[in-house]
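**Student:**
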Amino acid sequence: MRWSRSSSGSARSWASPTCRMRRPPPASPGSSRLNDMELKSYMDAASGLLNLPVAAEWQPGTLRFLGLAADMAALLESVPLDDAELVQAAVFRLPDEGGSDV
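So that you can map any letter, position 44 of the sequence shown is 44 in the UniProt record's numbering, and since no number is skipped, the others follow by simple counting.
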């Protein structure tokens, strides 16, 4: 199974899940992408903080995922948001002990 680029060229072409996937480029040309050493440092610090060791055979996949997550975060952060357009959800509050909802 192979996904192909659309006629407009906007969709990325990816190999099937069983093949090695190429890492997508950073979200925008000006964005700073974490390098492999920074990702490794983050993985080591987070795993130590959580007391959750990452086995040596899992480290390449974990680093690949952290790089992908950083790319996704950069893409989301590159979208400008206007506070006036954001709709906030209602906040549920428990009623007072005395029974009033004020």
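Ideal Cβ positions, reconstructed from N, Cα and C, are used throughout, including at glycine.
In angstroms, rounded to a whole number, what distance separates the CA positions of residue 40 and residue 63?
**Tutor:** Position 40 of the sequence shown, counted from the start, is the residue given in the question as residue 40. Position 63 of the sequence shown, counted from the start, is the residue given in the question as residue 63. Distance between the alpha carbons of residue 40 and residue 63 is about 7 Å.
**Student:** Starting from the C-beta of residue 43, find all residues in its chain whose C-beta is less than 8 Å away, skip the five residues before and the five after it, and write them out in chain order.
**Tutor:** As a first step, residue 43 is located in the sequence shown; it is residue number 43 there, counting from the start. 54, 59, 62, 63, 66.
**Student:** Locate the alpha helix (DSSP H) running through residue 41, then write down its first and last residues.
**Tutor:** Stepping through the sequence shown from its first residue, residue 41 is reached at position 41. First-last of the alpha helix (DSSP H) with residue 41: 36 to 49.
**Student:** Nearest-angstrom Cα distance between residue 52 and residue 34?
**Tutor:** Locating residue 52 in the sequence shown gives position 52, counting from the first residue. Locating residue 34 in the sequence shown gives position 34, counting from the first residue. Computed Cα separation, rounded: 22 Å.
**Student:** To the nearest angstrom, how far is the alpha carbon of residue 81 from that of residue 37?
**Tutor:** Reading the sequence shown from its first residue, position 81 is the one you call residue 81. Reading the sequence shown from its first residue, position 37 is the one you call residue 37. Rounded to the nearest angstrom, the two C-alpha atoms are 31 Å apart.
**Student:** What's the gap between the Cα of residue 88 and the Cα of residue 77?
**Tutor:** Position 88 of the sequence shown, counted from the first residue, corresponds to residue 88. Position 77 of the sequence shown, counted from the first residue, corresponds to residue 77. Looking at the two C-alpha atoms, the distance is approximately 19 Å.
**Student:** If you reduce the DSSP assignment to three classes, tell me which class residue 53 lands in.
**Tutor:** As a working note, residue 53 is residue 53 in the sequence shown. Coil.
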